[in-house]
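A.B. asks: Chains as they are written, first to last, in our numbering: chain A, 1 to 893; chain B, 1001 to 1173; chain C, 2001 to 2433.
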Ligand SMILES: Cc1cc2nc3c(=O)[nH]c(=O)nc-3n(C[C@H](O)[C@H](O)[C@H](O)COP(=O)(O)O)c2cc1C
Ligand code: SF4
Ligand code: FES
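Structure representation (structure tokens):
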């Protein structure tokens, strides 16, 4: 702590901060550009100038850049000083000399940091009377639009893209007033985190191309606090809606999870919500067309089908909320509630979760992973399976640099000297994977082998950490040396982290990670463990339970099931088509509740139109066991009165009660959530994931619409000149309106969008934070996992026999069901393929016929120079993959 | 799933043709790399080596250099475009650099500059149609006591006048 | 064609430590034997018998100030570098980027006396404990590059350079690194970025290069001329060096002074530091060319304030010139004759400064081009009311501390002094409506 004096007042601040951070933390407005909370200071833009005095008697003072000046004890500064203010106005004026006058047509307008700072600095008259320089723009692909003329050369983009996200296909070119930020040559940006450029850029150089296609000003969109549905990381997002369409996903700050950044799947993969072919009303199947039903007719029909409970089974979903899964389980009974996983995978998920309940193991939040100074990743290609974790690990390797810089008294925010001092020094990151990954460039070692061999390396690491752990026999000298090196790095670290997951379908990998943790615990270390699960609510579903899909299949085939209720799931992604067909052939009625017209939905006898995450509320549990609530963004029927979208749990509960001749018991979200909490001890805390519907700020609910939201009275004029009442949100403390509270006082979980007076851009988050970078009223979410068993050593798995085996290769763009239904993501997804090591006897492009689970696939061969021997790679989510399946490839190895 | 070998010298250009560093260039770049703690430091050396043999540095050359140095093409290009004396566009056989800084201004370089443009029929930044000359301005050549100064290829010419500049240019075929 | 060097001077070893060999040899000293015959590597041998801290102390006592333009005491700079066994690898960099318009002294030292710089670097490297050195040479100095490279090769062949020099424990490697043209590379931290193969944006200070310079290691950057003084200081002592100014200045040593512009005999002279500008112009350069009068002069490069004819009698040393409101800079004066349009002169300087901005910080990157456009407008008689006041404001807003490095403040020096001394010319540029 340090005491600093600003314009005659004294404040207590964190002495490790710079003055800009300190001022912003105090709620003072100091304009800035080149500084970014996650990127540190470089002193380039000169916008943050303040007057500094040597002591309380100094009357003259001198201008300093607040971002480059430590907030040391007994610092005297003035933000309001006339010279400082005039200088800051000049900086804006200089930046504006080349900035076009295109705010009206600029996609940044209204959430533009440059606009905000211009107003804040008081620059309002343009004196520059000469020509502006112009640039050509580049086509950077389907995600990002480039408009270089708007550039103010703050260098944030290149610092983010290269230094933070590790991208190499982006740079700064030219010199003096002709600096250019882009790619060396036009083309799609390669980084999986390119979308953050749209928020990192303080002006409209990099904008969201998907948003541009149906552009709406920030102030004209309705937002809700939401959670990304792309994977199990659970990044917090702010979807923006206008006219019943999601128009953009913006990052929502959660200081414990994603803080400022998302991955491109999460940001650009929202298109499935806007699909034309979504079921928007309940319907029933007629021989060859669907017949729309009224809400009541649909409910009566479905209720009729489930009356004989003994012959009803349900299939839940890891992409559906806890509330919806729980309601299904309530309807069909725990005995006939299923997950879409086969028994082996189900066991794998449970095992992963079990490992997280080890006594004394640390469960790091995403943000805490960044602080880990040695990381061992077993068998997860994180960029593809939990992308935001990969970005966090890129930060973790920088701890060594921070350490070296600190030894030379260089503060953590002083970005450039830190890089310079550390040069290539990185904290260790050890990776095992079947092939090269996008994190290899910062990895200390990359071990490429079959999942089983990777697992055995993990066991060898455990043994190298603690000799009590069983030794691995038959290890090569090189592998043993690698294991010793990884062990040494983990032992030397203050905060070692081990990550594995289920993406390879190999339970030994989970065991290996557990073994390493157990060994570290035995050596009195404080290791952290993370397990990657695939879907947004995989952990929630694992906590809720449910049987394997084979059980469902068997029950159907045995003729025990008349009505199958599938909730937000696609049977055809779970089982081979032939098996689905034979299953369905034995089921009299298929009831599907979904928001997507999947192959299963298309087959439904009764199809109930579910709300997606933007039309409903719900709770999901992320891979760290964090229960988080997402909130409805808009009410679809306000624009399309015939739309009948309901959260699955509402459909299910209504069916349940009607079939029993009773009236509904759960009319509000809070009731369901409370019911789950009461029924499932492991989920008891979910009621705290967000404030309930009774929450008020100064008597007000929280507004989903910004203060300037315009044209509400005209929005529906083409339907009716009578403006209907705004929809009323009974379920939550949010309103579908601009009436309500807007500003920084909200509870962390209830902030629909970042805005504070004078701060329209995402930089407004600084108004919601305390000094430590968490939201002032707490970061959203509640942790559910608690230790319940002590670590014990497991036996070392045997080496796998030689021979071709399938391995799942995951793709950030392609492997996830929902985002793949967004056009821009599909455009980035690979065509189905079969990957073989380059040494295989097949030529690139040659087609191979594979029979997987009885299903025939003809796939072109793609050589992977780095794929381990014996591995046949198949793209997860694009081809059915049964991991570890033996294959006879004819031509041999 | 790249099959590129980062060590490989052959880079396919965007125009489809191959760009191959000559053995000599490759050797010179590798030798320069030994002068520094980090290969990246040889970026400027490498750009100059390629420019020396090819007059200018093409996109494909940038990529080839990046591959040898083991850094990204965008970084090499960021360096190449920062400095005055790396040409990222084709230039003629002879580059006439005209010092336009204050010492030469005081000695009336403008007249010399105009005369050169008149003689060659091109403007600064342009190349004569016969590919013989390119004219570019350059900052103070450190010979203000002998202004105006030209640097043509590797020769510095002092006290150039509108009258004698034609003879100076004549020396370059 | 060489510069006119030391014309008309009585050049002696004792009084002209930087250039006496040139005159004694009757021209450039390009062979090792010739250099050795003129006390070559004597200082190195002497240094190797001394403890590095003693050499540092000698240089500090000699009051040698940096000849790169800022005049920072060299001994003080050296004393900030970590010494001792755990200091690790250290670098010595010679700043030979000489790109300051009006400056041509380092060129001469390198082209005519390459061995002298090599020896200077050896001695300095030994004094600061550096293992590797670079001569950061601007790319246009092709002759200097060639001569330095051959001098380095000869030096290495003779055992003065490389591993265990002259049988001592001292090893040193020396490379010539040629730049690719950017004035900002002369700024020492930008220079280090350039050396590392990066864009030459200046670096954040602190940490200073002495703490974290090239590749994050302790590094000393010194100008060519600064370094070339070091061997003589060792040979003849601090006392002697301080006496070289012959009472003309409290600064020590001799200085390479030069005259350019339309004077009769432009050239370069090694003279006691503190020699007056009038002596430079009238005695050594023979006055202005026929029919020309002196209008103004720049004391040491394009980034120093103009001085006027009435300032000619000032001693050319750091403090005296600073007191007159300018900087000695590189000490090579440039005379502006009365036929020059001062606005065009200023415009030329602003063109240079705007073009050579590295583009990192806003005031310099976007402010300088604007300044240049306004000056051009004034020069063309198209200035607008308020332009002069605006320019004055810019000289404050682009001044020291406002920008990331000293480039833009340097650019403002000639502008502010031109406005001060030639207000009428600026007023004249305002368009009468
Ligand atoms: C824009 C700019 C350009 C410079 N150019 C040079 C130069 O060309 N040569 C030089 O020796 N110093 C130059 N300097 C000064 C150096 O930064 C540094 O102070 C000098 O090399 C230190 O050496 P010295 O202490 O021996 O003078 C320049 C400084 C600035 C701000
Ligand atoms: S003042 Fe700023 S833009 Fe100009 S050269 Fe220095 S750092 Fe670069
Ligand atoms: S934010 Fe401080 S200089 Fe840019």
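Ideal placement from N, C-alpha and C gives every residue a C-beta, glycine not left out.
Using a Cβ-Cβ cut-off of less than 7 Å, list which residues of the stretch 1078-1089 of chain B approach chain A; keep chain order.
C.D. replies: 1078, 1081 and 1082
A.B. asks: Name the DSSP bridge partner or partners of residue 880/A?
C.D. replies: The residue given as residue 880/A occupies position 880 in the first chain. For residue 880/A, which the question treats as bridged, DSSP gives no partner whatsoever.
A.B. asks: Provide the residue span of the alpha helix (DSSP H) that contains residue 2297/C, from first to last.
C.D. replies: Taking the first residue of the third chain as position 1, residue 2297/C is located at position 297. Premise fails: residue 2297/C lies in the beta strand (DSSP E), 2294-2298, not in any alpha helix (DSSP H).
A.B. asks: Would you say residue 894/A faces chain C, with C-beta separation under 7 Å as the test?
C.D. replies: For residue 894/A there is no data in the structure shown, the boundaries of chain A being 1 and 893.
A.B. asks: DSSP beta-bridge partners for residue 852/A?
C.D. replies: In the first chain, the residue the question calls residue 852/A occupies position 852. In the DSSP output, where bridge partners are listed per residue, residue 852/A has 855/A.
A.B. asks: What is the rounded straight-line gap between the Cα of residue 1112/B and the Cα of residue 1105/B?
C.D. replies: Here residue 1112/B corresponds to residue number 112 of the second chain, with the count starting at 1. Here residue 1105/B corresponds to residue number 105 of the second chain, with the count starting at 1. Cα-Cα distance, rounded: 10 Å.
A.B. asks: Whole angstroms is fine: what's the gap from residue 2055/C's alpha carbon to residue 2188/C's?
C.D. replies: Here the question's residue 2055/C lines up with position 55 in the third chain. Here the question's residue 2188/C lines up with position 188 in the third chain. Note on geometry: alpha-carbon atoms of residue 2055/C and residue 2188/C lie some 23 Å from one another.
A.B. asks: Compare the C-alpha of residue 821/A against each of 173/A, 250/A, 265/A and 35/A and name the closest.
C.D. replies: For the purposes of this step, residue 821/A is taken as residue 821 along the first chain, with counting starting at 1. The candidate whose alpha carbon is nearest that of residue 821/A is 265/A.
A.B. asks: Kindly indicate which residue of 842/A, 388/A, 813/A and 838/A has the alpha-carbon position closest to the one of residue 828/A.
C.D. replies: The residue labelled residue 828/A in the question sits at position 828 within the first chain. Out of 842/A, 388/A, 813/A and 838/A, 813/A has the C-alpha closest to the C-alpha of residue 828/A.
A.B. asks: Considering only residues of the same chain and omitting the five flanking positions on each side of residue 2069/C, which have a CB-CB separation below 6 Å?
C.D. replies: Counted from its first residue, the third chain places residue 2069/C at position 69. Excluding positions up to five away in sequence, the list reads 2329 and 2330.
A.B. asks: Three-state secondary structure (DSSP) at residue 517/A?
C.D. replies: For the purposes of this step, residue 517/A is taken as the residue at position 517 of the first chain. If DSSP states are grouped into helix, strand and coil, residue 517/A belongs with the helices.
A.B. asks: Between the Cα of residue 642/A and the Cα atoms of 281/A, 710/A, 856/A and 879/A, which residue gives the shortest distance?
C.D. replies: Taking the first chain and counting its residues from 1, one reaches residue 642/A at position 642. Ranking the options by Cα distance to residue 642/A, first place goes to 281/A.
A.B. asks: State yes or no: is the beta carbon of residue 1072/B nearer than 7 Å to at least one beta carbon in chain A?
C.D. replies: Walking along the second chain from the start, residue 1072/B turns up at place 72. Closer than 7 Å: yes.
A.B. asks: From the beta carbon of residue 2260/C, is the nearest beta carbon of chain B less than 7 Å away?
C.D. replies: Counting from one through the third chain, the residue named residue 2260/C turns up at place 260. Taking Cβ atoms only, chain B reaches closer than 7 Å to residue 2260/C, which makes this a yes.
A.B. asks: Could you pull out every residue in the same chain whose Cβ sits closer than 7 Å to the Cβ of residue 153/A, ignoring the five residues on either side in sequence?
C.D. replies: By one-based count along the first chain, residue 153/A stands at place 153. So the list reads 179, once near-sequence residues are dropped.
A.B. asks: If we ignore side chains and look at the alpha-carbon of each, how far apart do residue 242/A and residue 439/A end up?
C.D. replies: Position 242 of the first chain, counted from the first residue, corresponds to residue 242/A. Position 439 of the first chain, counted from the first residue, corresponds to residue 439/A. Each residue's Cα considered, the two are about 38 Å apart.
A.B. asks: What is the rounded straight-line gap between the Cα of residue 366/A and the Cα of residue 387/A?
C.D. replies: The residue given as residue 366/A occupies position 366 in the first chain. The residue given as residue 387/A occupies position 387 in the first chain. Each residue's alpha carbon lies about 11 Å from the other.
A.B. asks: Jot down the residue ranges of each uninterrupted alpha helix (DSSP H) in the stretch 128-207 of chain A, minimum 4 residues, whole runs only, in chain order.
C.D. replies: 197-200
A.B. asks: Three-state secondary structure (DSSP) at residue 6/A?
C.D. replies: Locating residue 6/A in the first chain gives position 6, where the first residue counts as 1. It is a strand residue.
A.B. asks: Given a cut-off of 7 Å, decide if residue 316/A and residue 109/A are closer than it, judged by their beta-carbon atoms.
C.D. replies: Counting from 1 along the first chain, the entry for residue 109/A is found at position 109. Counting from 1 along the first chain, the entry for residue 316/A is found at position 316. Their beta carbons are not under 7 Å apart, which means residue 109/A does not touch residue 316/A by this criterion.
A.B. asks: How about residue 2226/C: is its Cβ closer than 6 Å to a heavy atom in ligand 1?
C.D. replies: The residue given as residue 2226/C occupies position 226 in the third chain. Because some heavy atom of ligand 1 lies under 6 Å away, the Cβ of residue 2226/C counts as near it: yes.
A.B. asks: Going residue by residue through the stretch 351-412 of chain A, where are the continuous beta strand (DSSP E) segments of at least 3 residues, counting only ones entirely within it?
C.D. replies: 374-378
A.B. asks: Keeping to the same chain, check which residues put their C-beta closer than 7 Å to that of residue 1011/B; ignore five residues upstream and five downstream.
C.D. replies: Numbered from 1 along the second chain, position 11 holds the residue referred to as residue 1011/B. With a pLDDT of only 38 at residue 1011/B, under 50, the local geometry of the prediction cannot be trusted, and no value is derived from it.
A.B. asks: Does residue 2348/C come within less than 7 Å of chain A when only Cβ atoms are used?
C.D. replies: Looking up residue 2348/C in the third chain gives position 348. Chain A places no beta carbon closer than 7 Å to that of residue 2348/C, leaving this residue out of the contacts.
A.B. asks: Checking the sheet assignment: what are the DSSP bridge partners for residue 2133/C?
C.D. replies: As a first step, residue 2133/C must be located in the third chain, where it is residue number 133. Looking at the DSSP assignment, residue 2133/C forms a beta bridge with 2092/C and 2174/C.
A.B. asks: Which residue's Cα is closest to the Cα of residue 2247/C: 2161/C, 2382/C, 2420/C and 2273/C?
C.D. replies: Indexing the third chain from 1 puts residue 2247/C at position 247. Checked all of 2161/C, 2382/C, 2420/C and 2273/C; the closest Cα to residue 2247/C is 2273/C.
A.B. asks: Can you determine whether any heavy atom of ligand 1 sits closer than 6 Å to the C-beta of residue 2221/C, and answer yes or no?
C.D. replies: Start at 1 with the first residue of the third chain, and residue 2221/C comes out as number 221. Between ligand 1 and residue 2221/C, a heavy atom-to-CB distance of less than 6 Å is present.
A.B. asks: Counting only C-beta atoms, is residue 2102/C closer than 7 Å to chain B at any point?
C.D. replies: By 1-based counting over the third chain, the position of residue 2102/C is 102. It does; some Cβ of chain B falls within 7 Å.
A.B. asks: Which word fits residue 385/A, buried or exposed, when buried means at least 16 other C-beta atoms lie within 10 angstroms of its C-beta?
C.D. replies: Along the first chain, one-based indexing puts residue 385/A at 385. A buried status is given to residue 385/A, since no fewer than 16 other beta-carbon atoms sit within 10 Å of its beta-carbon.
A.B. asks: Would you report the Cα separation of residue 1006/B and residue 1040/B, rounded to the nearest angstrom?
C.D. replies: As a first step, residue 1006/B must be located in the second chain, where it is residue number 6. As a first step, residue 1040/B must be located in the second chain, where it is residue number 40. For residue 1006/B, the predicted model reports a pLDDT of 33, less than 50, meaning its position is unreliable; a value from the coordinates is still stated below. If I take the Cα positions, the gap works out to 15 Å.
A.B. asks: Look up residue 2416/C in the DSSP assignment and say whether it is helix, strand or coil.
C.D. replies: As a working mapping, residue 2416/C is identified with position 416 in the third chain. Looking at residue 2416/C - three-state DSSP - the assignment turns out to be helix.
A.B. asks: Rounded to whole angstroms, what's the CA-CA distance from residue 714/A to residue 220/A? Just pull it up for me.
C.D. replies: Here residue 714/A refers to the residue found at position 714 of the first chain. Here residue 220/A refers to the residue found at position 220 of the first chain. The C-alpha of residue 714/A lies about 13 Å from the C-alpha of residue 220/A.
A.B. asks: Quick check: the Cα distance between residue 667/A and residue 650/A, rounded to an integer number of angstroms?
C.D. replies: Locating residue 667/A in the first chain gives position 667, where the first residue counts as 1. Locating residue 650/A in the first chain gives position 650, where the first residue counts as 1. Roughly 8 Å separates the two Cα atoms.
A.B. asks: Taking any Cβ of chain C, which residues in the stretch 1044-1065 of chain B have a Cβ under 8 Å from it, in chain order?
C.D. replies: Residues 1044, 1045, 1047 and 1048.
A.B. asks: Can you find a CB in chain C that lies within less than 7 Å of the CB of residue 1163/B?
C.D. replies: Reading the second chain from its first residue, position 163 is the one you call residue 1163/B. Interface residue (Cβ-Cβ distance to chain C less than 7 Å): residue 1163/B is not classified as such.
A.B. asks: So, for residue 825/A: in the same chain, excluding its five sequence neighbours on each side, which residues have a beta-carbon less than 6 Å away from its beta-carbon?
C.D. replies: In the first chain, counting from the first residue as 1, residue 825/A sits at position 825. Answer for residue 825/A: 269, 813 and 819, listed in chain order.
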